[in-house]
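Comments concern the structure below.
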Amino acid sequence: MQTATIIIKNGYQPTEVHFQAQQPAQIIFQQEDSSPCLNEVQSTALQFKVQLAVGDTKTVTIDTSQPGEYEFACGMNMFHGKVVIDS
Ligand SMILES: [Cu+2]
1 MQTATIIIKN GYQPTEVHFQ AQQPAQIIFQ QEDSSPCLNE VQSTALQFKV
51 QLAVGDTKTV TIDTSQPGEY EFACGMNMFH GKVVIDS
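Residues in the sequence shown are numbered consecutively from 1, following UniProt numbering.
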């Protein structure tokens with residue numbers, strides 16, 4: 001399993017994570033920001049939407065079947081991050 005931890009604090013740290021294609025992958029979102037802006041993280045391309053209160057840690061499974069770049073964002077589409085699936 002490939003895993004990447006993204007800390008949510010004034011945005012996403014890091015803003016970009018890479019995974020190898022065709023290998024199982026998960027992102028662990030760790031919420032350290034109390035602003036309402038960042039209490040949701042979502043991606044249409046990656047088909048997830050999660051709510052996080054301060055202190056929450058939530059794991060999202062990433063489909064790595066198609067190499068490419070996929071964006072995620074806060075619920076209001078203000079803060080952005082990127083998942084790169086390397087071929
Ligand atoms: Cu926002």
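Even for Gly, the Cβ is constructed at its ideal location relative to N, Cα and C.
Neighbourhood of ligand 1, defined by CB distance below 5 Å to any of its heavy atoms: Cys37, Cys74, Met76, Met78, in chain order.
Each of Lys58, Glu69, Gln42, Ser34 was checked against the Cα of isoleucine 28, and the nearest Cα belongs to Lys58.
Only residues of its own chain outside the window of five on either side were considered, and among them Ala21, Pro67 have a CB closer than 7 Å to the CB of serine 87, listed in chain order. Annotation for glutamate 32: no beta strand (DSSP E) segment contains it, and DSSP assigns it neither H nor E.
With a threshold of 16 other beta carbon atoms within 10 Å, glycine 55 falls short and is exposed.
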